[in-house]
Amino acid sequence: MTKVSLTALVRDLLKRAHEVDSGRSATTVHGGHDRSLRQTVMALRQGEHIHEHEHPGEVTVHVLHGRVRLVAGPDSWDGLPGDLLVMPERRHRVEAVQDCAFLFTTAR
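All residue numbers for the sequence shown refer to numbering that gives the first Met the number 0, where the first residue is 0 and numbers rise by one.
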């Protein structure tokens, strides 16, 4: 059994995102490259983004703090705390409309 306080982690990652030039911070809370499920908490400073990329398998974004925008081609979805966004299986990017943090879950 492992227990992680996402609330405390979000606070720490947002602080770190404001301290680094990239404007982002992340840590994996479950799984990894050797597992089929991987969950990573990511924090982005307002105005920052994760570059467009492809990811094999299923991807969800559970917004924990702030406001995010997921963009896939001509389509986009805004997410607020408590929203769960399911990414289509195509190139996509994540933008920070406000300082934000989210649980990024992938399954291969």
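Using N, Cα and C, we set each Cβ at its ideal position, and we do this for glycine too.
Over the uninterrupted beta strand (DSSP E) stretch that includes residue i, give me the two end residues.
i	result
residue 91	91-95
residue 32	Looking at the DSSP string, residue 32 is not in any beta strand (DSSP E), and its letter there is neither H nor E.
residue 104	99-106
Which whole-angstrom value describes the C-beta separation of residue i and residue j, a residue pair presumed to lie in contact below a C-beta threshold of 8 Å?
i	j	result
residue 96	residue 67	6 Å
residue 63	residue 93	Contact doesn't hold; Cβ gap of about 13 Å is too wide.
If you measure between the beta carbons of residue i and residue j, is that distance less than 8 Å?
i	j	result
residue 42	residue 100	yes
residue 107	residue 24	no
residue 79	residue 38	no
residue 56	residue 105	yes
Span of the alpha helix (DSSP H) holding residue i?
i	result
residue 10	5-18
Near residue i, which residues of its chain fall below 6 Å by C-beta distance, leaving aside the five closest residues on each side in sequence?
i	result
residue 45	95, 97, 98
residue 75	68
residue 9	63, 64, 100
Can you name, in chain order, every residue of its own chain whose Cβ lies under 7 Å from the Cβ of residue i, other than the five neighbours on each side?
i	result
residue 48	92, 93, 94, 95
residue 17	44
residue 85	59
Confirm the yes/no value for this check: CB of residue i, any heavy atom of the ligand PLP, distance under 7 Å.
i	result
residue 105	Summarising the ligand content, the structure contains no ligands, and the ligand PLP is consequently not present.
Leaving out the 5 sequence neighbours to the left and right, which residues in its chain are closer than 8 Å to residue i when beta-carbon positions are compared?
i	result
residue 26	8, 12, 39, 40
Handout entry: Within the region 56-92, ranges of the beta strand (DSSP E) (whole runs, at least 3 residues)
Key = 57-64, 67-71, 74-78, 83-85
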